[in-house]
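J.: With UniProt numbering, the residue at position 155 of the sequence shown is 155, and numbering never jumps.
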Amino acid sequence: MRRPLQVTLLVLSGLGLLHASLFTDLCLRYVKPGMRPLLIASGFVLLVLGIVEATARERRGDRDEQDRHGARTHGAGPHNPPEHHHGHEPHPRADDGHGTGHHGHDHAAVPRVAWLLLLPALSLLFYAPPALGAYTAARQPAKVIAEQDGFDPLPKTSPLPITLTDFTTRVQQDRSLAIKARTVEMSGLVTPVPGGGSWDLTRIIISCCAADAQSVKVRVYSSSIPPANTWVSVTGNWHPGGKLGTKSAPVALDAQTVKRIQRPSNGYQDALPFPSR
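Encoded structure:
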């Protein structure tokens, strides 16, 4: 790969990372907030490497020009015959008209595929891919919820703020039936389901980055279905079915209210809903 392309990739990648992590919140579409300082540091490192490489290349170009100028000034003449190395043929020129390198091949040429590396760098600057949403969640099985031995008493608050994971655990594992007849409040994004009549309230959870995403879902029954990818806060009661406190109980909610909200900053966590204003 030619050095100009290397410099371009380094600088664009560095600027893209800094744009996504330092000057905007775009990086939070793909990684956890804790990864942000590392992305900022990586962006600075790439930018500095690009500047250093560009500066070194400029200096090499100036030095080569000086060498060529010196060779012309002190070239061979009547009183300065060219050197001959006895028993050795003169070295072939690097460029013999058939390209640089051995056997007439140009090893400095840029492979066409290398230019594709520019696309992700440019995308961070001009068109950042959207955050994970309903399209991803609809194609993932629900996250497996760990078994829990005991449960603390639920607060008396009504509606009760609860995460999707805690609601799932209470419905299918809490044999004290503490969730029965309680009005709960959860928030997440809307994921349509086939058939209509219901939809999934979803939280996409990442451990490190978007590549390891998993989904937690609660089926919601309501009079209307909000648009896909809408973030909502839902209050309601457990939708009866099966035997509460066992795996036969559906992880579902009969909605009383559905309010549209802004995507929270902790959108990749199964977090409690923000307090209503």
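For every residue, glycine included, the Cβ atom is placed at its ideal position computed from N, Cα and C.
How about the stretch 180-200 and the stretch 224-240: do they share at least three Cβ pairs that are nearer than 8 Å?
T.: Flag = yes, the stretch 180-200 and the stretch 224-240 touch.
J.: With distance defined between alpha-carbon atoms, name the residue in Arg-175, Pro-37 and Lys-143 nearest to Phe-151.
T.: When each option's Cα is compared against that of Phe-151, the closest is Arg-175.
J.: For Met-186, which beta-bridge partners are listed by DSSP?
T.: In the DSSP output, where bridge partners are listed per residue, Met-186 has Val-234.
J.: For the stretch 190-259, which segments carrying the beta strand (DSSP E) assignment without a break, of at least 3 residues, lie completely within its bounds, in sequence order?
T.: If we require 3 residues or more, the beta strand (DSSP E) runs fully inside the stretch 190-259 come out as 199-205, 214-221 and 231-238.
J.: Taking 8 Å as the threshold, find out whether the stretch 41-52 comes into contact with the stretch 17-25 through three or more Cβ pairs.
T.: Result yes; three or more Cβ-Cβ pairs closer than 8 Å.
J.: Would you call Lys-243 buried or exposed, if buried means 16 or more other Cβ atoms sit within 10 Å of its Cβ?
T.: Flag for Lys-243 reads exposed.
J.: Helix, strand or coil, according to DSSP, for Leu-132 in the structure here?
T.: The answer is coil: DSSP assigns Leu-132 none of H, G, I, E or B.
J.: Applying the 10 Å Cβ sphere with the 16-neighbour rule, what's the burial state of Thr-163?
T.: The residue in question, Thr-163, is buried, as its Cβ has 16 or more Cβ neighbours within 10 Å.
J.: Can the beta-carbon of Val-251 be found closer than 8 Å to that of Val-218?
T.: The answer is yes: Cβ separation under 8 Å.
J.: Quick test of your reading: Thr-183 and Gly-267, contact by CB under 8 Å. State the CB separation rounded to the nearest angstrom.
T.: That belief does not hold up - the Cβ atoms of Thr-183 and Gly-267 are roughly 24 Å apart, past 8 Å.
J.: Express the C-alpha separation of Leu-116 and Gln-6 in angstroms, rounding to a whole number.
T.: Near 13 Å, if we compare the C-alpha coordinates of Leu-116 and Gln-6.
J.: Suppose you measure from the CA of Ser-265 to the CA of Ala-271; what does that come to, to the nearest Å?
T.: Using only the alpha carbons, I get a separation of about 10 Å.
J.: Since Ala-121 contacts Gln-172 with CB under 8 Å, what's their CB separation in whole angstroms?
T.: Not confirmed; about 46 Å, so no contact.
J.: How about Ser-207 and Ala-255: do their beta carbons lie closer than 8 Å?
T.: Not closer than 8 Å, so no.
J.: Is the Cβ-Cβ distance between Gln-214 and Ile-205 less than 8 Å?
T.: Yes, Cβ-Cβ distance for Gln-214 and Ile-205 is below 8 Å.
J.: Could you check where the alpha helix (DSSP H) with Arg-112 kicks off and where it finishes?
T.: Taken as a continuous stretch (DSSP letters only), Arg-112 belongs to no alpha helix (DSSP H), as it is neither H nor E.
J.: Taking the straight line between their C-alpha atoms, what separation do you get for Pro-130 and Leu-177?
T.: When rounded, the distance between both Cα atoms is 40 Å.
J.: Using DSSP's beta-bridge definition, name the partner residues of Pro-161.
T.: Paired residue(s): Glu-185.
J.: Among residues of its own chain, excluding the 5 on either side of Asp-96, which ones have a beta-carbon nearer than 6 Å to its beta-carbon?
T.: Reliability of the predicted coordinates at Asp-96 is poor, the pLDDT of 47 falling under 50, and no value is obtained from them.
J.: Relative to the alpha-carbon of Thr-165, which residue among Asp-25, Cys-209 and Gln-269 has its alpha-carbon at the smallest distance?
T.: Taking only the C-alpha atoms, the option nearest Thr-165 is Gln-269.
J.: Do you know how far the Cα of Tyr-127 is from the Cα of Leu-119?
T.: The straight-line gap from Cα to Cα measures roughly 10 Å.
J.: Measuring CA to CA, which of Leu-160, Arg-57 and Val-11 is closest to Gly-50?
T.: Gly-50 has its Cα closest to that of Val-11, out of Leu-160, Arg-57 and Val-11.
J.: Between Leu-47 and Val-113, what straight-line distance do the alpha-carbon atoms span, to the nearest angstrom?
T.: About 23 Å.
J.: For Pro-141, report the span of its alpha helix (DSSP H) as first-last.
T.: Counting along the chain, Pro-141 falls outside any alpha helix (DSSP H), and DSSP gives it neither H nor E.
J.: Straight-line CA distance for Phe-23 to Cys-209?
T.: One C-alpha to the other measures close to 20 Å.
J.: Could you tell me the boundaries of the alpha helix (DSSP H) in which Pro-120 lies?
T.: 118-126 is the extent of the alpha helix (DSSP H) around Pro-120.
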